[in-house]
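Shown next, in structure tokens, is the structure this report addresses.
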Amino acid sequence: KGGVVDSNGNYIELSAQKAVGMRNRVYGPYKINYDNLPIRNEKVIYLNYFIKQWGHFLLDVVGRLWYPLLQDNDTKLVYTCYAGTETKIEGNYLEFLKLLGIDQSRVIMINCPTQFSEVIIPESSILPGGYYTKEYKQLFSSVVENIKLDKYDVNAKMIYCSRSKLGIAKSKEFGEDGIEGIFKQNGYTSVYMETMSLEEQIKTLLSAKTIVLT
409 KGGVVDSNGN YIELSAQKAV GMRNRVYGPY KINYDNLPIR NEKVIYLNYF
459 IKQWGHFLLD VVGRLWYPLL QDNDTKLVYT CYAGTETKIE GNYLEFLKLL
509 GIDQSRVIMI NCPTQFSEVI IPESSILPGG YYTKEYKQLF SSVVENIKLD
559 KYDVNAKMIY CSRSKLGIAK SKEFGEDGIE GIFKQNGYTS VYMETMSLEE
609 QIKTLLSAKT IVLT
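Letter by letter, the sequence shown follows residues 409 to 622 in our numbering.
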């Protein structure tokens, strides 16, 4: 359950985080205690429920960012997390926003039902499993455009994106060391994306001659 309701308590479908052929991420009305409801006299842009997992972040969370990128560079953005928790947008998640020109000071975390004077709900530019729009693609183009390569970054390496240092892969995947060794013998340089900042990851990919992933 989660999303935005109007001043009469009616659920606004546009605020849902849906998917096709998969479980909806966030959908449906929820109970509100109006006797203990925080009220903020602010106009905000609704971002989404924040899922702190990189793939879900890119597919399920960032789809409304086209609006602050193209239409509104001042209004604050609100995102939600589990009630009573403080799941902060930080690390590479925050770096993604900064590379879009969104300062951390604009981002507000909401962990309980909260009333605002006005909430802008941009239509999502992606429906996972269904479609994505040119505005969704533009988000990633804008991130890349804001990263500058200097002459030392352009090294035309052949790189292998190894999973050998990824904690979750160690318990679920087998044979990575052997595969990585074969590529090293053939002139590839191993890189470990999960150890890099987002900017370092993008620079590594932009400067590579050949990229291998498994």
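Where a beta carbon is used, it is the ideal one built from N, C-alpha and C, also for glycine.
Computed from a prediction, not measured in an experiment: that's the story for all the values here.
For T612, the enclosing alpha helix (DSSP H) covers residues L606 to S615. Taking 3 residues as the shortest admissible run, the stretch 502-561 contains the following complete beta strand (DSSP E) segments, listed from N- to C-terminal end: 515-518 and 523-528. With a cutoff of 8 Å on beta-carbon distance, V527 and L485 are scored as not near each other. Where L478 is concerned, the enclosing alpha helix (DSSP H) starts and stops at W474 to L478. Using a C-beta cut-off of 8 Å, the stretch 533-552 makes no contact with the stretch 572-586, since fewer than three inter-stretch Cβ pairs fall below that distance.
With the rule of 3 Cβ pairs closer than 8 Å, the stretch 422-429 does not count as touching the stretch 495-505. Between N456 and R431, the C-beta gap is not smaller than 8 Å, which leaves the two residues out of contact. Taking the Cα positions, S415 is about 32 Å away from Q461.
Separation of S533 and S525 (C-alpha to C-alpha, rounded to the nearest whole angstrom) is 25 Å.
Rounded to the nearest angstrom, the Cβ distance from R433 to D482 is 28 Å, too far for a contact under 8 Å. Here the C-alpha atom of V552 lies approximately 14 Å from the C-alpha atom of L466. The C-alpha of M604 is placed about 10 Å away from the C-alpha of I610.
Taking the Cα of L507 as reference, the smallest distance to any Cα among V470, E531, Y487 and G537 is reached at V470.
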